[in-house]
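Quick note, the sequences are listed as chains A and B, same order.
If you're matching positions, the first sequence starts at 1 in the numbering used here and goes up one per residue.
If you're matching positions, the second sequence starts at 323 in the numbering used here and goes up one per residue.
Notes to accompany the following structure.
Number of protein chains: 2
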Amino acid sequence: MPPDYSPAQLAERVVGGKTPAIARAISWAESVDPRFPELLRLLYPRTGHARVIGLTGAPGAGKSTMTGALARLARADGKRVGIVAVDPSSPFSGGAILGDRIRMQELYTDPGVLIRSMATRGHLGGLSRATADAVDVLDAAGFDEVLVETVGVGQDEVEVIRLAESSVVVLTPGMGDDIQAIKAGLMEVADVFVVNKADRDGADRVVTEVLQMLELGEHGPWVPPVLKSVARLGTGVPELRAELERHRQFLLGPEGEGRRRSRVRRRIESIVRERLLAELSALSGTDGSLDAHVAAVEGRTEDPMAAAEALLSALRSGGRKE
Amino acid sequence: MPPDYSPAQLAERVVGGKTPAIARAISWAESVDPRFPELLRLLYPRTGHARVIGLTGAPGAGKSTMTGALARLARADGKRVGIVAVDPSSPFSGGAILGDRIRMQELYTDPGVLIRSMATRGHLGGLSRATADAVDVLDAAGFDEVLVETVGVGQDEVEVIRLAESSVVVLTPGMGDDIQAIKAGLMEVADVFVVNKADRDGADRVVTEVLQMLELGEHGPWVPPVLKSVARLGTGVPELRAELERHRQFLLGPEGEGRRRSRVRRRIESIVRERLLAELSALSGTDGSLDAHVAAVEGRTEDPMAAAEALLSALRSGGRKE
């Protein structure tokens with residue numbers, strides 16, 4: 001592919017399902033290429049078809065194996081599947097042990113599957129924006145299902161998972177303290193819980209703990225089911241897919257509308273946030289005003305909030321930048 | 323304490339080391355109270371005395387136990403110690419098992435120790451800002467050392483730990499895949515690595531892995547030492563304290579100046595970011611323009627980037643808000 005495709009040319013090829021074009025479009029999204037807004041404008045009317053499912057959990061919980069297993073079931077149903085890995089330790093990101101990669105090999109060679117990993121570094125707030133854009137590219141390219149895998153700790157990752165229509169939280173036996181972290185961070189984003197590696201001791205205890213958590217916590221009309229699985233063997237994966245289908249049906253109701261709306265809102269906010277941050281760092285490069293404030297705050301002749309206030313004024317007068 | 327202290331009155335009491343005043347000042351920081359900027363302006367010239375140390379690691383690594391052990395050593399040296407827990411699963415946040423809390427009890431009853439946990443929810447980008455403000459309050463109140471404990475996964479948490487002068491990454495044997503996550507997220511923020519629970523099998527392997535990581539990775543003139551500890555028994559904690567002192571000495575050199583400057587820069591940026599986000603959500607409440615764009619994007623008559631662009635213009639014309 002020549003390096004000088006216009007947004008219109010690239011959009012045409014993305015919609016035509018050309019893999020190199022899709023890869024390049026996602027790279028534009030990731031690198032905040034100035035041509036990406038125009039590309040998105042052209043692609044966006046073609047989106048809204050794909051089913052977007054998020055999978056999250058601690059490293060080692062088996063998210064990638066589960067993602068692979070779900071992808072295989074979707075393929076067996078004749079669906080085209082996109083996989084977006086937002087996790088540096090995922091085998092889809094090339095970060096895992098050889099055995100995992102071998103297990104995934106059939107997915108890599110299947111033309112109905114497109115796998116893409118997102119760089120998790122160098123974004124601040126921009127990770128969820130870039131991931132959402134990647135999902136839109138895949139959606140416009142005609143993929144029926146998009147599976148987004150993310151390591152689920154930290155607010156950035158929670159933001160990523162909130163972009164999905166349905167979110168799966170993958171747990172394992174023997175997590176202990178992690179349940180606390182999940183309580184705090186992922187409770188309200190989980191649509192389905194899966195206790196993976198359920199052939200290990202303690203799986204039932206984790207199920208019980210999650211059920212207790214759900215009883216104590218608040219949830220709307222949708223009560224997240226708690227399943228058991230051994231993703232490595234495929235056990236429990238059809239049941240997970242069935243629950244995800246049940247959740248999809250649920251989202252067709254009035255509850256789903258609110259969620260769709262809040263996903264769009266978060267999406268817009270994430271773009272605004274990233275743009276503002278980019279302008280803020282540009283300020284430092286151009287007139288050095290950030291540097292001057294840094295020196296003043298370091299010398300304690302100015303406090304950090306006063307410095308921020310001055311920079312906000314500069315940002316506001318900065319006007320529009322492309 | 324009456325509910326209507328002015329910033330000047332509260333500042334005086336914070337500088338006087340009054341615990342309820344310190345607690346209230348931190349609450350003002352957390353809740354973005356409109357009086358906090360004035361309070362910070364008054365307190366900021368009194369800061370710069372405290373030594374700020376960050377501790378991070380996965381849930382269950384023993385960060386809190388290590389934090390408690392470091393606090394005890396500092397107390398034995400006659401130092402006043404502030405502990406800021408940015409981790410919902412920390413016993414300092416009340417989120418842990420009874421045994422932990424009992425082990426921490428002496429710290430709670432020691433008048434030379436002030437423990438404060440920060441809510442990790444409801445901030446987006448504001449967590450590091452609020453934590454930095456809390457550290458300043460403790461600094462102005464005359465605490466000699468401030469220990470910041472955070473669960474170290476996710477960019478928000480990494481931002482928190484970057485605020486510290488010196489950062490300790492706490493690892494444990496049997497982490498396996500977690501090493502990958504650490505590679506990706508915490509490598510360049512770690513000043514000291516500690517393999518805690520070193521009485522378990524596999525501690526030496528973790529030490530070797532980290533040393534290999536350090537050999538492959540980039541680091542400046544400071545090479546992070548890799549220690550072993552059993553924080554529960556106090557083993558290895560004096561050695562950690564000695565390394566932290568060595569790092570403090572290192573920071574007095576030219577390298578330290580760059581780090582101080584970059585801490586201040588991040589601090590200012592985090593305030594700007596939070597302010598802009600607050601204004602963005604206010605936009606939705608006032609003229610409903612965010613809602614209108616959400617509906618247009620949902621209906622696919624507008625794409626998310628065009629909506630963000632329109633909102634950015636509205637933000638810029640919004641002018642200064644207090």
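We put the CB at the ideal spot given by N, CA and C, even for glycine.
Report task. Specify the secondary structure class of residue 35 of chain A as computed by DSSP and reduced to three states. Result -> One-based indexing of the first sequence puts residue 35 of chain A at position 35. In this structure, DSSP gives residue 35 of chain A a state outside helix and strand, which the three-state scheme calls coil.
Query - Strand pairing of residue 279 of chain B, partner residues [DSSP] - result: Residue 279 of chain B is absent from the model: chain B starts at 323 and stops at 644.
Query raised in the report: Buried or exposed: residue 622 of chain B, going by 16 or more other Cβ atoms within 10 Å of its Cβ?
Result: For the purposes of this step, residue 622 of chain B is identified with residue 300 of the second sequence, where counting begins at 1. Exposed, since its Cβ has fewer than 16 Cβ neighbours within 10 Å.
Query raised in the report: Among the residues of its own chain, which have a CB less than 7 Å from the CB of residue 525 of chain B, if the five just before and after it don't count?
Result: As a position in the second sequence, residue 525 of chain B is number 203, starting the count at 1. The residues are 495, 517 and 550.
Query raised in the report: Between residue 44 of chain A and chain B, is there a C-beta pair that is closer than 8 Å?
Result: Residue mapping note: residue 44 of chain A aligns to position 44 of the first sequence, counting from 1. Yes, its Cβ sits closer than 8 Å to a Cβ of chain B.
Query raised in the report: So, using beta-carbon positions, are residue 264 of chain A and residue 619 of chain B closer together than 8 Å?
Result: The count along the first sequence starts at 1 and reaches residue 264 of chain A at position 264. The count along the second sequence starts at 1 and reaches residue 619 of chain B at position 297. Cβ distance < 8 Å, so residue 264 of chain A and residue 619 of chain B count as in contact.
Query - Nearest candidate by alpha-carbon position, reference residue 197 of chain A, set A:171, A:220 and A:219 - result: In the first sequence, counting from the first residue as 1, residue 197 of chain A sits at position 197. Looking only at A:171, A:220 and A:219, the smallest Cα-Cα distance to residue 197 of chain A is reached by A:171.
Report task. Kindly indicate if chain B contains any beta-carbon less than 8 Å away from that of residue 305 of chain A. Result -> Indexing the first sequence from 1 puts residue 305 of chain A at position 305. Chain B has a Cβ within less than 8 Å of the Cβ of residue 305 of chain A.
**Report entry** Completely contained beta strand (DSSP E) runs for the stretch 183-245 of chain A, where each covers 3 or more residues
**Finding:** Assignment of beta strand (DSSP E) within the stretch 183-245 of chain A, counting only whole runs of 3 or more residues, yields 192-195 and 226-228 in chain order.
Query raised in the report: Going along chain A, which residues have a C-beta under 8 Å from residue 586 of chain B?
Result: Here residue 586 of chain B is taken as the residue at index 264 of the second sequence, counted from 1. For residue 586 of chain B, the chain A residues whose Cβ falls inside 8 Å of its Cβ are 294, 297, 298 and 304, in order along the chain.
Requested in this report: Check residue 113 of chain A in the structure and name its three-state DSSP category.
Outcome: Position 113 of the first sequence, counting from 1, holds the residue named residue 113 of chain A. Residue 113 of chain A carries a strand assignment under DSSP once its states are collapsed to helix, strand and coil.
Report task. Measure the CB-CB distance between residue 406 of chain B and residue 354 of chain B and report whether it falls below 8 Å. Result -> Translated into positions along the second sequence, residue 406 of chain B becomes position 84. Translated into positions along the second sequence, residue 354 of chain B becomes position 32. With contacts defined by Cβ atoms closer than 8 Å, residue 406 of chain B and residue 354 of chain B do not form a contacting pair.
Requested in this report: Using a Cβ-Cβ cut-off of 8 Å, state whether residue 570 of chain B counts as contacting chain A.
Outcome: Along the second sequence, one-based indexing puts residue 570 of chain B at 248. No, no contact with chain A.
Report task. Would you decide whether residue 628 of chain B is buried or exposed? Buried here means 16 or more other CB atoms lie within 10 Å of its CB. Result -> Start at 1 with the first residue of the second sequence, and residue 628 of chain B comes out as number 306. Residue burial is scored here from C-beta neighbours: residue 628 of chain B has at least 16 other C-beta atoms within 10 angstroms and is therefore classed as buried.
Query raised in the report: Does residue 402 of chain B get closer than 8 Å to chain A when you measure Cβ to Cβ?
Result: In the second sequence, the residue the question calls residue 402 of chain B occupies position 80. The beta carbon of residue 402 of chain B sits no closer than 8 Å to any beta carbon of chain A.
Query raised in the report: Should residue 56 of chain A and residue 167 of chain A be called a contact, given that it needs their Cβ atoms to be closer than 8 Å?
Result: Numbered from its first residue, the first sequence carries residue 56 of chain A at position 56. Numbered from its first residue, the first sequence carries residue 167 of chain A at position 167. Contact: yes.
Query - Delimiting residues of the beta strand (DSSP E) encompassing residue 404 of chain B - result: The residue you call residue 404 of chain B lines up with position 82 of the second sequence. DSSP places residue 404 of chain B in the uninterrupted beta strand (DSSP E) bounded by 403-408.
Query - Below-8 Å beta-carbon distance, residue 269 of chain A vs any chain B residue - result: Along the first sequence, one-based indexing puts residue 269 of chain A at 269. At least one chain B Cβ lies under 8 Å of residue 269 of chain A.
Query - Straight-line gap, residue 35 of chain A to residue 25 of chain A (C-alpha atoms, nearest Å) - result: What you label residue 35 of chain A is simply residue 35 of the first sequence in a count that begins at 1. What you label residue 25 of chain A is simply residue 25 of the first sequence in a count that begins at 1. If I take the Cα positions, the gap works out to 10 Å.
Query raised in the report: So does the stretch 66-82 of chain A actually touch the stretch 108-116 of chain A, counting three or more Cβ pairs closer than 8 Å?
Result: Counting Cβ pairs under 8 Å, three or more are found: they touch.
Query raised in the report: According to the Cβ coordinates, are residue 140 of chain A and residue 13 of chain A closer than 8 Å?
Result: In the first sequence, the residue the question calls residue 140 of chain A occupies position 140. In the first sequence, the residue the question calls residue 13 of chain A occupies position 13. Between residue 140 of chain A and residue 13 of chain A, the C-beta gap is not smaller than 8 Å, which leaves the two residues out of contact.
Query raised in the report: The beta strand (DSSP E) spanning residue 147 of chain A covers which residue range?
Result: Here the question's residue 147 of chain A lines up with position 147 in the first sequence. Run containing residue 147 of chain A: 145-151, per the beta strand (DSSP E) assignment.
**Report entry** Three-state class that DSSP yields for residue 634 of chain B in the structure shown
**Finding:** Walking along the second sequence from the start, residue 634 of chain B turns up at place 312. Note: residue 634 of chain B maps to helix in three-state DSSP.
Requested in this report: Report the neighbours of residue 582 of chain B on chain A: residues whose CB is nearer than 8 Å to its CB, in chain order.
Outcome: Locating residue 582 of chain B in the second sequence gives position 260, where the first residue counts as 1. Near residue 582 of chain B (Cβ distances below 8 Å), the residues of chain A are 298.
Query raised in the report: Are residue 223 of chain A and residue 214 of chain A closer than 8 Å when you measure CB to CB?
Result: As a first step, residue 223 of chain A must be located in the first sequence, where it is residue number 223. As a first step, residue 214 of chain A must be located in the first sequence, where it is residue number 214. Against a cut-off of 8 Å, the Cβ pair of residue 214 of chain A and residue 223 of chain A comes out as a contact.
Report task. Output, in chain order, the set of chain B residues within a Cβ distance shorter than 7 Å of residue 217 of chain A. Result -> Position 217 of the first sequence, counted from the first residue, corresponds to residue 217 of chain A. Correct list: empty, because the minimum Cβ distance to chain B is about 13 Å.
Query raised in the report: From B:592, B:561, B:402 and B:543, pick the residue whose C-alpha is nearest to that of residue 578 of chain B; which is it?
Result: Against the second sequence, residue 578 of chain B aligns to sequence position 256. The residue with the shortest Cα to Cα distance from residue 578 of chain B is B:543.
Query raised in the report: residue 342 of chain B to residue 448 of chain B, Cα distance in whole Å?
Result: Here residue 342 of chain B refers to the residue found at position 20 of the second sequence. Here residue 448 of chain B refers to the residue found at position 126 of the second sequence. Distance between the alpha carbons of residue 342 of chain B and residue 448 of chain B: 23 Å.
Query - 8 Å Cβ cutoff, residue 232 of chain A in contact with chain B - result: The residue you call residue 232 of chain A lines up with position 232 of the first sequence. Chain B places no beta carbon closer than 8 Å to that of residue 232 of chain A, leaving this residue out of the contacts.
**Report entry** residue 8 of chain A, buried or exposed, once every other Cβ within 10 Å from all chains shown has been counted against 16
**Finding:** Position 8 of the first sequence, counting from 1, holds the residue named residue 8 of chain A. Exposed, since its Cβ has fewer than 16 Cβ neighbours within 10 Å.
Query raised in the report: With 8 Å set as the bound, which would you pick, yes or no: does the beta-carbon of residue 98 of chain A sit closer than that to a beta-carbon of chain B?
Result: For this step, residue 98 of chain A is matched to residue 98 along the first sequence. Low confidence applies here, because residue 98 of chain A scores a pLDDT of 49, under 50, leaving its location unreliable and the question unanswered by this model.
Query raised in the report: Skipping 5 residues on each side, what residues in its chain have a beta carbon closer than 6 Å to that of residue 225 of chain A?
Result: On the first sequence, residue 225 of chain A is found 225 positions in, with the first residue counted as 1. Apart from sequence neighbours up to five positions away, the residues of its chain that approach residue 225 of chain A with a beta-carbon distance below 6 Å are 192 and 243, ordered along the chain.
Query raised in the report: Hey, would you say residue 64 of chain A sits closer than 8 Å to residue 145 of chain A, going by beta carbons?
Result: Looking up residue 64 of chain A in the first sequence gives position 64. Looking up residue 145 of chain A in the first sequence gives position 145. Against a cut-off of 8 Å, the Cβ pair of residue 145 of chain A and residue 64 of chain A comes out as no contact.
Query raised in the report: Can you check whether the CB of residue 460 of chain B is closer than 8 Å to the CB of residue 344 of chain B?
Result: Numbered from its first residue, the second sequence carries residue 344 of chain B at position 22. Numbered from its first residue, the second sequence carries residue 460 of chain B at position 138. Yes, the pair counts as a contact, with Cβ atoms nearer than the cut-off.
Requested in this report: Please list the residues of the stretch 333-363 of chain B that have a C-beta atom closer than 7 Å to any C-beta atom in chain A, keeping them in chain order.
Outcome: Considering only beta carbons, the part of the stretch 333-363 of chain B lying closer than 7 Å to chain A consists of 359, 362 and 363, in chain order.
Query raised in the report: Is the distance from the Cβ of residue 512 of chain B to the Cβ of residue 384 of chain B below 8 Å?
Result: Here residue 512 of chain B is taken as the residue at index 190 of the second sequence, counted from 1. Here residue 384 of chain B is taken as the residue at index 62 of the second sequence, counted from 1. No, Cβ-Cβ distance for residue 512 of chain B and residue 384 of chain B is not below 8 Å.
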